[in-house]
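K.L.:
Here you go, one structure.
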Amino acid sequence: MKTKLECKEVKVFYKDFQALHGIDMDIFENRVTALIGPSGCGKSTFLRTINRLNELIEGTRTEGEIYLDEKNIYSNEIDVVALRKKVGMVFQKPSVFPMSIYENIAYGPKIHGIKNKGKLDSIVEKSLVAANLWQEVKDRIHKPAAGLSGGQQQRLVIARVLAVEPEVILMDEPASALDPISTSKLEELIGELKKQYTIVIVTHNMQQAARVSDFTGFFLNGFLIEYSKTNDLFVNPHDKKTEDYITGRFG
Amino acid sequence: MKKNKLSEGLVEILLRISAGASVLAIIIITVFIFYKGIPLIAKVGIIDFLFNLKWVPTNGSFGIGAMVIGSLAVTFCSLVWSVPLGIMTAILMAEIAPPKLADVLARFVELLAGIPSVVYGFFGLIVIVPFIRNHLGGVGLSVLAGAIVLGIMILPTIINISRDAILAIPKEYKENSLALGATHYQSIFRVILPAASSGIITAIVLGLGRAIGETMAVLMVTGNAAVLPDSLLAPVRTMTSNIVLEMGYAAGDHQAALFATGTVLFIFIVILNLAVSISMKAGTENGN
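Chain order of the listed sequences is U and P.
Each residue of the first sequence is one higher than the last, beginning at 2 in our numbering.
Each residue of the second sequence is one higher than the last, beginning at 135 in our numbering.
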């Protein structure tokens, strides 16, 4: 099992408020790592340190190091644009751009310089197939993406991420706006994607974490309380706080 | 209890009267303009009235062709430079400038919108017209002078409405685009602006409406010769100026011809308003 991401003493501050207190965490290649914890515990903030998206919010400061394939993404030489190409992200609410299905997927490859129509066509098809959406939309890929259902939109967003060929995919509560059927399709998809990608998923839903992930980290008040194999964490938690949370005593 | 009900009823009646009065005013004005203008258009013939370039009212020749083209020329030339400038400013204010600078800019734009048009005209007459005369030739009173003054006047409309359209785009679009490895500028030009396009088109059409209807400033700087302009430096008369210039002494058919000019302007504005509502409707259908 190869370490894909090595996080060392990661701290995040919003102005005077410290949102993360020295997170140390190794994330493994071709595994699904789930981050759980109550609202406001810092799990989404941590997720957004991995593609440096926290920087969009004014007054945010990040300390510590995160090594992606042994390169520190917080060093000055790192090109944030190239980093975000390698580390894709799926957000809580599917946000399709107001353009066609095809254009949504081709957007990423186009901004990264691919102009050849045939190549774009094949990327679009491959990405939609990989996101389990091709069969449902192949007859209307030039129609507006806004016409898709919520679950389809979320898979479209995943296809859009896959189209730029990332290595790591971050998912921030990707199923929280979906119905149960769409959710199970999404979970199935996550299981397939991990063969090729390293996935980090934030979720509110502990059953979901148990179903989809290999490793689970439990966050509370900006600290990583416990991090281990998903099975161990849920069956045999070492920390009293973890146990209280997963047995539903707070949250 | 009873007193409350009574006063509520009174308020409602008052509101109804106010709303009714404004609607009635619009209807009366519309009917009056058409009533005064249409007979002359019918008499001259609509084609002749709109396209004949000879405006010699004392001789019974009523063709507003030169003025229609004059209005369109001045308006078009003003849009050519103010639309790109306005949209760029809107992008700067909505996306790039730090909030404090954007706030300062917004105040300046508000100020620009509040200046009376006669002041713009005066500025044009004192500064722009002599500048054109001295550096570019001609008498200075020209299409170009009108286009410059009008462009400045419609900038606030274009900037404010475009900026609001850009600010209304969900921030998720930008986050998603950046997360895909796009730069800030790629996100602006490839996702945010296309998403805001119906709002931006609305801004342009409203600016266009304002430009075509503007009278005083244009009257002061364009020279007002009722002939077809042959260059940017030639004097020109717009439809609005035509009405103002001659209404003082016009009578009979001449006066009716001025009302007919007003009718044509009125129809222009109605068409523009329709275009705005169609573009806004297209925007909501796209899910913005």
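Beta carbons: idealized from backbone N, C-alpha and C, even for Gly.
1) Give a single yes or no on whether U:Ile112 has its beta carbon closer than 6 Å to a heavy atom of the ligand GDP.
2) Just confirm the distance between the C-beta atoms of U:Ile1 and U:Lys5, as a whole number of angstroms; I'd bet it's less than 8 Å.
3) DSSP puts P:Trp189 in a beta bridge; with which residues?
4) Does DSSP classify U:Gln132 as helix, strand or coil?
5) May I have the straight-line CA-CA distance separating U:Pro167 from P:Ser365, to the nearest angstrom?
6) I need the straight-line Cα distance from U:Glu193 to P:Glu244, nearest angstrom please.
7) Show which residues of chain P have a CB atom less than 7 Å away from the CB atom of U:Ser45.
8) Just checking: is the beta-carbon of U:Ala13 within a distance shorter than 7 Å of some beta-carbon in chain P?
9) Tell me the start and end of each unbroken beta strand (DSSP E) in the stretch 14-96 of chain U that is at least 3 residues and wholly inside, in chain order.
10) With burial defined as no fewer than 16 other Cβ atoms inside 10 Å of the residue's Cβ, what is the status of P:Tyr319: buried or exposed?
11) Which of the three DSSP states, helix, strand or coil, is assigned to P:Met381?
12) Hey, how far is the Cα of U:Gln208 from the Cα of U:Tyr198?
13) Are the stretch 31-46 of chain U and the stretch 68-78 of chain U touching, with three or more C-beta to C-beta distances below 8 Å?
14) Does the distance from the CB of P:Ile167 to the CB of P:Phe402 come in under 7 Å?
15) Please determine, among P:Val404, P:Leu327 and P:Ser321, the residue with the shortest C-alpha to C-alpha distance to P:Leu340.
16) Can you list, in chain order, the residues of the stretch 224-252 of chain P whose Cβ is nearer than 7 Å to any Cβ on chain U?
17) Note down, in chain order, every chain P residue with its Cβ under 8 Å from the Cβ of U:Ser96.
18) Quick one, which of P:Thr395, P:Leu342, P:Val370 and P:Ala329 has its alpha-carbon nearest P:Ala416's?
19) Which residues in chain P sit within 7 Å of U:His113, going by Cβ to Cβ distance?
20) Could you give the C-beta distance for P:Phe185 and P:Gly199, rounded to a whole number, given that I count them as a contact under 8 Å?
21) Select from the stretch 275-301 of chain P all residues with a C-beta closer than 7 Å to any C-beta belonging to chain U, and list them in chain order.
22) What is the DSSP secondary structure of U:Glu137, counted as helix, strand or coil?
23) Please report whether the beta-carbon of U:Lys127 lies at a distance below 7 Å from any beta-carbon of chain P.
24) Applying the 10 Å Cβ sphere with the 16-neighbour rule, what's the burial state of P:Tyr169?
25) Name the DSSP beta bridge partners of U:Ser229, please?
26) How big is the Cα-Cα spacing for P:Arg371 and P:Val238?
27) Where does P:Pro304 fall in DSSP's three states?
28) Helix, strand or coil, according to DSSP, for P:Ser251 in the structure here?
29) Could you tell me whether the Cβ atoms of P:Leu367 and P:Leu235 are closer together than 7 Å?
30) Quick one: is U:Pro175 near chain P, going by C-beta distance under 7 Å?
31) Along the chain, which unbroken stretches of the alpha helix (DSSP H) at least 4 residues long are found entirely within the stretch 271-306 of chain P?
32) Could you name the residues of chain P that U:Met90 contacts, counting a contact when the two beta carbons are closer than 7 Å?
33) Pull up the distance between the alpha-carbon of P:Val352 and that of P:Ala360, whole angstroms please.
34) In three-state DSSP terms, what is U:Ile115?
35) Which runs of the alpha helix (DSSP H) spanning at least 4 residues fall entirely within the stretch 352-402 of chain P, listed in chain order?
36) Check whether the Cβ atoms of P:Val202 and P:Gly280 sit closer than 7 Å, and answer yes or no.
P.N.:
This is what the structure gives:
1) You won't find the ligand GDP in this model; it holds no ligand whatsoever.
2) Residue 1 of chain U cannot be examined here, being either before or after the span of chain U that is shown, 2 to 252.
3) P:Phe196
4) Sequence check: residue 132 of chain U is Ala here, not Gln. Residue state, collapsed to three classes: coil.
5) 57 Å
6) 56 Å
7) In chain order: nothing, as chain P lies at least about 12 Å away.
8) Contrary to the premise, residue 13 of chain U reads as Val rather than Ala in this sequence. Chain P, which has no Cβ nearer than 7 Å to the Cβ of U:Val13, makes this no.
9) 18-29, 33-37, 61-69 and 88-91
10) exposed
11) coil
12) 22 Å
13) no
14) no
15) P:Val404
16) none
17) Pro304, Glu306, Tyr307, Glu309 and Asn310
18) P:Ala329
19) Gly315
20) 5 Å
21) none
22) helix
23) no
24) exposed
25) U:Thr217
26) 37 Å
27) coil
28) helix
29) no
30) no
31) 277-301
32) Ala313
33) 14 Å
34) coil
35) 373-380
36) no
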